[in-house]
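Going line by line, the protein sequences match chains A and B. Numbering-wise, the first sequence is residues 1 to 116 according to my numbering. Numbering-wise, the second sequence is residues 1001 to 1111 according to my numbering. All C-beta atoms, glycine included, are put in the ideal place defined by N, C-alpha and C.
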Amino acid sequence: EAQVTQNPRYLITVTGKKLTVTCSQNMNHEYMSWYRQDPGLGLRQIYYSMNVEVTDKGDVPEGYKVSRKEKRNFPLILESPSPNQTSLYFCASRPGAYRGYGNTIYFGEGSWLTVV
Amino acid sequence: GQQVMQIPQYQHVQEGEDFTTYCNSSTTLSNIQWYKQRPGGHPVFLIQLVKSGEVKKQKRLTFQFGEAKKNSSLHITATQTTDVGTYFCAGPAGSQGNLIFGKGTKLSVKP
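Structure, rendered in structure tokens:
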């Protein structure tokens, strides 16, 4: 079954304690991305990756890091989490290069992160 | 920067009533996509519109793309409780095609 898998799904952590949210897709997609969803703000892109070893900032990258060492995995790293990073996080992927159409996104089930 | 605006933010309807959400982009879009997020779930792709003036239907859902390719709408006829959720429109931005999402319209349906 084609899917994007995130872990953990739920996490409560303390300020400053480094954490990693893993993301893996089994669709051989080149493009992967992280979003955060907050009430009233919708989905905002944190980072994206066009392919292995190619990553770039989205709209809200501050406080986050990513890496893309393998095509299937795109972990999100919070080096020193703060309470304003409490949010619902979605990993997503899509096939191929952007051609002006056909760039539909497949989302993971989401990771609820609370930083206290 | 490019913006995608969506209204209304919330809509409460009685089951059987119609529902419409509107999406407006600050720039012309090559395509527009619609996603649905059920409560507690993740966004799921519904449809993509590419052509100016395009209209597509999925059962009770009708999607339109404006002639200028800057606006779009989703209309649900005779809502059902299964329609509950948040509906997002999204358009591509930049050469990489990163999607910019509207803030969504949260639909609640009273039985």
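In whole angstroms, give me the CA-to-CA distance for G1112/B and S93/A.
Residue 1112/B lies beyond the stretch modelled for chain B, which goes from 1001 to 1111, so this question has no answer here.
Judging by CA-CA distance, which residue of Q1033/B, Y1022/B and A1093/B is the nearest neighbour of T104/A?
If you number the first sequence from 1, residue 104/A lands on position 104. Checked all of Q1033/B, Y1022/B and A1093/B; the closest Cα to T104/A is Q1033/B.
Buried or exposed: where does Q1002/B fall if 16 or more other Cβ atoms within 10 Å of its Cβ makes it buried?
Working through the second sequence from its first residue, we reach residue 1002/B at position 2. The residue in question, Q1002/B, is exposed, as its Cβ has fewer than 16 Cβ neighbours within 10 Å.
What is the rounded straight-line gap between the Cα of N1098/B and the Cα of P1092/B?
Start at 1 with the first residue of the second sequence, and residue 1098/B comes out as number 98. Start at 1 with the first residue of the second sequence, and residue 1092/B comes out as number 92. For N1098/B and P1092/B, the distance between alpha carbons rounds to 5 Å.
Establish whether the CB of L1099/B and some CB of chain A are separated by less than 8 Å.
Here residue 1099/B refers to the residue found at position 99 when the second sequence is read from its first residue. Output row for L1099/B: interface = yes.
Where P39/A falls: helix, strand or coil (DSSP):
As a first step, residue 39/A is located in the first sequence; it is residue number 39 there, counting from the start. Reduced to three states, the DSSP call for P39/A is coil.
Are there 16 or more other CB atoms within 10 angstroms of the CB of Y10/A, so buried, or fewer, so exposed?
For the purposes of this step, residue 10/A is taken as the residue at position 10 of the first sequence. Classification for Y10/A: exposed.
Between K1070/B and chain A, is any beta-carbon pair separated by less than 8 Å?
If you number the second sequence from 1, residue 1070/B lands on position 70. Taking CB atoms only, K1070/B has no neighbour in chain A less than 8 Å away.
Below 8 Å, how does it come out for the stretch 81-91 of chain A and the stretch 14-22 of chain A: are there three or more Cβ pairs, yes or no?
yes
Where R72/A and P1111/B are concerned, what is the direct C-alpha to C-alpha distance, given to the nearest angstrom?
Here residue 72/A refers to the residue found at position 72 when the first sequence is read from its first residue. Here residue 1111/B refers to the residue found at position 111 when the second sequence is read from its first residue. Distance between the alpha carbons of R72/A and P1111/B is about 43 Å.
What beta strand (DSSP E) runs, 3 residues minimum, are completely inside the stretch 1062-1104 of chain B?
1071-1076, 1085-1093 and 1098-1101
Would you tell me roughly how many angstroms separate the C-alpha atoms of I1100/B and V115/A, rounded to the nearest one?
For this step, residue 1100/B is matched to residue 100 along the second sequence. For this step, residue 115/A is matched to residue 115 along the first sequence. Rounded to the nearest angstrom, the two C-alpha atoms are 26 Å apart.
Proximity of Q1006/B and G1085/B at Cβ, strictly below 8 Å:
Looking up residue 1006/B in the second sequence gives position 6. Looking up residue 1085/B in the second sequence gives position 85. The answer is no: Cβ separation not under 8 Å.
Identify, in the order they occur along the chain, each residue of the same chain with its Cβ nearer than 7 Å to the Cβ of F1045/B, setting aside the five sequence neighbours on each side.
Locating residue 1045/B in the second sequence gives position 45, where the first residue counts as 1. Here the set comprises Q1033 and Y1035.
What's the C-alpha gap between Y1010/B and P61/A?
Residue 1010/B sits at position 10 when you count from the first residue of the second sequence. Residue 61/A sits at position 61 when you count from the first residue of the first sequence. Y1010/B and P61/A: Cα-Cα distance of roughly 28 Å.
Tell me the residue span of the beta strand (DSSP E) that contains R94/A.
By one-based count along the first sequence, residue 94/A stands at place 94. Residues S87 to R94.
For a cutoff of 8 Å on Cβ pairs, would you count F1065/B as touching chain A?
Counted from its first residue, the second sequence places residue 1065/B at position 65. Not one chain A Cβ lies under 8 Å of F1065/B.
With a 10 Å radius around its C-beta and 16 neighbouring C-beta atoms as the bar for buried, classify I12/A as buried or exposed.
Along the first sequence, read from residue 1 onward, the residue named residue 12/A stands at position 12. Under this definition I12/A is an exposed residue.
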